[in-house]
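Right, one structure below, let's go through it.
Residue numbers (the numbering used here): 3 to 404.
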């Protein structure tokens with residue numbers, strides 16, 4: 003859900019939306035928070051406690067799946083970025099199968115944790131983005147959250163806020179990318195806060211030195227905003243459409259319950275948000291992939307970055323390019339590498355979402371198991387009746403006092 007994992011924007015929004023959507027649904031649908039109001043003389047303690055456990059367990063599974071997805075997909079992100087900036091590579095790695103031998107060789111020669119490099123800088127940049135968004139929102143009054151009922155003016159202000167945040171964090175995105183792709187063989191492992199120092203250095207040198215091939219920050223800001231806003235809009239629309247459709251279907255089941263229909267369980271309540279996040283991130287990453295390839299090459303130009311050899315996984319390769327800007331980089335890739343050059347490393351993206359799909363499947367199984375356990379505990383205990391003998395009631399029928 004970018005990253006600069008590209009999926010970082012979608013995951014940040016999901017962290018806030020999971021809790022808010024659940025709270026809103028419980029507020030609008032009192033039947034979910036007071037399930038025993040129709041039983042005279044009954045108590046609400048047990049159902050309410052069960053609902054609280056259900057909400058807490060659902061959110062815990064959701065957050066855990068997001069964290070695991072980020073942690074397990076990071077090696078795929080590292081490989082993808084290295085392939086994107088390896089302009090002279092013989093292998094384009096458009097499928098995950100060609101990456102397997104490269105992955106094995108890198109792990110064998112450099113160790114098991116080599117593909118988790120730069121993970122700390124990713125979360126630091128994400129924190130910078132969240133703080134920047136909060137500060138800019140307080141100063142300008144632009145809304146941080148919008149809904150389908152928001153006005154055009156409010157939606158425009160929200161997108162403008164996102165654009166300003168992306169522009170401010172551009173130098174830190176670039177610094178984080180360098181930490182993620184540089185080889186551990188040819189360079190020292192960066193410190194935890196080196197990404198902050200490198201980002202501030204690029205801000206201080208707002209214009210690139212004349213003796214350097216490094217692209218100036220002001221030249222990177224606009225392409226970064228266009229790319230990340232496009233990714234954010236596509237992700238949000240896809241995520242909202244799928245989530246709304248699934249929740250609308252569940253609402254219809256509540257409004258027009260069929261015979262034997264049961265109350266929505268944990269799986270039906272929380273899993274749609276995870277599935278919507280997965281779908282939105284996948285569509286956004288696929289559609290904006292060429293823009294990301296161009297932008298990543300501009301980020302590392304002039305930084306003397308040395309990456310692992312993505313053709314064989316053995317040895318290192320220096321990155322030496324002479325692009326003049328976004329348009330020049332885009333046209334040069336088409337002329338020298340063809341259209342497939344814009345999709346270098348696509349196999350790593352496929353592998354990343356395959357891992358994500360496995361985690362999503364595991365989350366689904368956990369939700370279903372939890373739902374079965376909660377529903378089993380919530381079933382009322384009734385006395386067994388003899389064959390041909392009606393159950394003992396208090397004279398008020400099946401829904402009366404026992």
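Glycine is no exception: its CB is placed at the ideal position from the N, C-alpha and C atoms. All of these numbers come straight from a predicted model, not from anything done at the bench.
Per-residue burial, residue 330 [other beta carbons within 10 Å of its own, 16 or more giving buried]: Locating residue 330 in the chain shown gives position 328, counting from the first residue. It counts as exposed.
Strand pairing of residue 320, partner residues [DSSP]: Here residue 320 refers to the residue found at position 318 when the chain shown is read from its first residue. DSSP lists 308 as partners of residue 320.
Reference residue 105, options 285, 82 and 341, closest by Cα: By 1-based counting over the chain shown, the position of residue 105 is 103. Residue 105 has its Cα closest to that of 82, out of 285, 82 and 341.
Integer-rounded CB distance, given that residue 163 should sit under 8 Å from residue 139: Indexing the chain shown from 1 puts residue 139 at position 137. Indexing the chain shown from 1 puts residue 163 at position 161. The pair is a contact, with the Cβ atoms about 6 Å apart (cut-off 8 Å).
Residue range of the unbroken alpha helix (DSSP H) whose run includes residue 192: Along the chain shown, read from residue 1 onward, the residue named residue 192 stands at position 190. Run containing residue 192: none; DSSP gives neither H nor E here.
Pairwise C-alpha distance: residue 251 and residue 109: Numbered from its first residue, the chain shown carries residue 109 at position 107. Numbered from its first residue, the chain shown carries residue 251 at position 249. Computed Cα separation, rounded: 46 Å.
Presumed contact (8 Å Cβ cut-off) between residue 184 and residue 309, rounded CB distance: The sequence position of residue 184 within the chain shown is 182, counting from 1. The sequence position of residue 309 within the chain shown is 307, counting from 1. That pair is a contact at about 6 Å.
Exposure label - residue 322; buried when at least 16 CB within 10 Å: Walking along the chain shown from the start, residue 322 turns up at place 320. The residue is exposed, with fewer than 16 neighbouring Cβ atoms inside 10 Å.
Contact check, residue 217 vs residue 303, beta carbons under 7 Å: The sequence position of residue 217 within the chain shown is 215, counting from 1. The sequence position of residue 303 within the chain shown is 301, counting from 1. Yes, the Cβ-Cβ distance between residue 217 and residue 303 is below 7 Å.
Nearest residue (CA-CA) to residue 371, options 174, 340, 273 and 136: In the chain shown, counting from the first residue as 1, residue 371 sits at position 369. Among 174, 340, 273 and 136, the Cα nearest to that of residue 371 belongs to 273.
Where the alpha helix (DSSP H) containing residue 342 begins and where it ends: Here residue 342 is taken as the residue at index 340 of the chain shown, counted from 1. Here residue 342 belongs to no alpha helix (DSSP H), and DSSP marks it neither H nor E.
For residue 228, three-class secondary structure by DSSP: As a first step, residue 228 must be located in the chain shown, where it is residue number 226. When secondary structure is reduced to three states using DSSP, residue 228 falls in the helix class.
Cβ shell of residue 80 (< 6 Å), same chain only, five flanking positions each side left out: Position 78 of the chain shown, counting from 1, holds the residue named residue 80. These residues qualify, in order along the chain: 117 and 182.
Burial state of residue 319 (16 or more Cβ within 10 Å): As a working note, residue 319 is residue 317 in the chain shown. Classification for residue 319: buried.
Burial state of residue 314 (16 or more Cβ within 10 Å): Here residue 314 refers to the residue found at position 312 of the chain shown. It is exposed - the Cβ of residue 314 has fewer than 16 other Cβ atoms within 10 Å.
Inter-residue Cα distance where the pair is residue 275 and residue 324: Position 273 of the chain shown, counted from the first residue, corresponds to residue 275. Position 322 of the chain shown, counted from the first residue, corresponds to residue 324. Computed Cα separation, rounded: 43 Å.
Exposed unless 16 or more other CB atoms sit within 10 angstroms - verdict on residue 290: Along the chain shown, one-based indexing puts residue 290 at 288. Per the 10 Å Cβ criterion, buried.
Per-residue burial, residue 287 [other beta carbons within 10 Å of its own, 16 or more giving buried]: The residue labelled residue 287 in the question sits at position 285 within the chain shown. Classification of residue 287: buried, given that the 10 Å Cβ count is 16 or more.
Length of the line joining the Cα atoms of residue 359 and residue 281: Locating residue 359 in the chain shown gives position 357, counting from the first residue. Locating residue 281 in the chain shown gives position 279, counting from the first residue. Going by the C-alpha atoms only, they are around 10 Å apart.
Nearest-angstrom Cβ-Cβ length linking residue 78 and residue 312, presumed shorter than 8 Å: Here residue 78 refers to the residue found at position 76 of the chain shown. Here residue 312 refers to the residue found at position 310 of the chain shown. That belief does not hold up - the Cβ atoms of residue 78 and residue 312 are roughly 13 Å apart, past 8 Å.
Nonlocal neighbours in the same chain, by C-beta distance under 6 Å from residue 343, ignoring five residues either side: Residue 343 sits at position 341 when you count from the first residue of the chain shown. Closer than 6 Å at Cβ, skipping near neighbours: 335.
Beta-bridge partners of residue 72, as assigned by DSSP: What you label residue 72 is simply residue 70 of the chain shown in a count that begins at 1. Residue 72 pairs with nothing; no bridge assigned.
Pairwise C-alpha distance: residue 69 and residue 226: On the chain shown, residue 226 is found 224 positions in, with the first residue counted as 1. On the chain shown, residue 69 is found 67 positions in, with the first residue counted as 1. Between residue 226 and residue 69, the C-alpha separation is close to 25 Å.
Cβ pair residue 1, residue 145 closer than 7 Å: For residue 1 there is no data in the structure shown, the boundaries of the chain being 3 and 404.
CB-CB length for residue 127 against residue 175, believed under 8 Å: Here residue 127 is taken as the residue at index 125 of the chain shown, counted from 1. Here residue 175 is taken as the residue at index 173 of the chain shown, counted from 1. 6 Å between Cβ atoms; contact.
Bridge partner(s) assigned by DSSP for residue 184: Counting from one through the chain shown, the residue named residue 184 turns up at place 182. Looking at the DSSP assignment, residue 184 forms a beta bridge with 309.
Residue 111 at chain B interface by Cβ criterion, 7 Å: Looking for chain B here will not work: only one protein chain is present.
Buried or exposed (CB count within 10 angstroms, at least 16 for buried), residue 151: In the chain shown, counting from the first residue as 1, residue 151 sits at position 149. Counting Cβ neighbours within 10 Å, residue 151 comes out exposed, since fewer than 16 surround it.
Terminal residues of the alpha helix (DSSP H) in which residue 435 lies: Limits of the chain in this structure are 3 at one end and 404 at the other, which puts residue 435 out of reach.
Proximity below 7 Å, CB of residue 134 to CB of residue 170: Residue numbering aside, residue 134 sits at position 132 when the chain shown is read from its first letter. Residue numbering aside, residue 170 sits at position 168 when the chain shown is read from its first letter. Yes, the Cβ-Cβ distance between residue 134 and residue 170 is below 7 Å.
Per-residue DSSP class, three states only, for residue 150: Reading the chain shown from its first residue, position 148 is the one you call residue 150. Residue state, collapsed to three classes: coil.
Residue 180 beta carbon less than 7 Å from that of residue 333: Working through the chain shown from its first residue, we reach residue 333 at position 331. Working through the chain shown from its first residue, we reach residue 180 at position 178. The answer is no: Cβ separation not under 7 Å.
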